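Participant: Got a structure for you, written out below as structure tokens; questions coming shortly.
In the working numbering, the protein residues as written are -17 to 146.
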């Protein structure tokens, strides 16, 4: 499938030209409102999930800290991902929902500009999940210092909208 979503055509990689990485020129694009939603999950022991829910973790409020980390990561995306453009951010919302054995983080990012915000939303979700892991890692380790239950997965763009 090509970048445009067409099957049977060769994919187009806009950040590579003549085998060299490049930042795409977006100067000719129209400025519009853009929004992206990304989500991902971190699987944890039931005892750890209970401690997060009850606010009894050793390091403090896990989800509040993860929300701040995600917000900072969204704002730092062009510094972390080399070919991302610095864009004006209009809004960042980070939410968490507990599921069966996991916490799902969702980042909604809005901008008014010439390029999308999906990388910012993905970066926010990733930072949120990594922060949760960091905040509870002492409770997640087994007797050998390993993480038999803890894992992150399903990090993805849920929705991307232009002109909203």
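Where a beta carbon is used, it is the ideal one built from N, C-alpha and C, also for glycine.
Source: prediction; values computed, not measured.
#1: Does the structure place the segment 17 to 36 close enough to the segment 130 to 139 that three or more beta carbon pairs sit under 8 Å?
#2: Going by other Cβ atoms of all chains shown within 10 Å of its Cβ, with 16 needed for buried, is residue 102 buried or exposed?
#3: Would you mind reading off the limits of the beta strand (DSSP E) that contains residue 92?
#4: Could you give the distance in angstroms between the alpha-carbon of residue 18 and the alpha-carbon of residue -8?
#5: When DSSP labels each residue in this structure, what does residue 9 get in the three-state scheme?
#6: Quick check: the Cα distance between residue 27 and residue 132, rounded to an integer number of angstroms?
#7: State the DSSP-derived secondary structure class of residue 141, mapped to helix, strand or coil.
#8: Roughly how many angstroms lie between the CA atoms of residue 111 and residue 54, to the nearest whole one?
#9: Compare the C-alpha of residue 15 against each of 62, 85, 125 and 69 and name the closest.
#10: Which runs of the beta strand (DSSP E) fall wholly inside the segment -2 to 77 and span at least 3 residues, in chain order?
#11: Beta-carbon within less than 8 Å of residue 81's beta-carbon, same chain only, minus the 5 sequence neighbours each way: which residues are those?
#12: Could you check whether residue 40 and residue 113 sit closer than 9 Å to each other, using their CB atoms as the reference points?
#13: In whole angstroms, what is the alpha-carbon distance linking residue 34 and residue 52?
#14: On a Cα-Cα basis, can you pick out the residue from 127, 91, 6 and 8 that is closest to residue 140?
#15: Which residues share a DSSP beta bridge with residue 135?
#16: Compare the beta carbon distance of residue 42 and residue 67 with 9 Å and say whether it is the shorter of the two.
Facilitator: With the given structure in hand:
#1: yes
#2: buried
#3: 84 to 95
#4: 26 Å
#5: coil
#6: 7 Å
#7: strand
#8: 13 Å
#9: 69
#10: 14 to 25
#11: 23
#12: no
#13: 17 Å
#14: 91
#15: 23
#16: no
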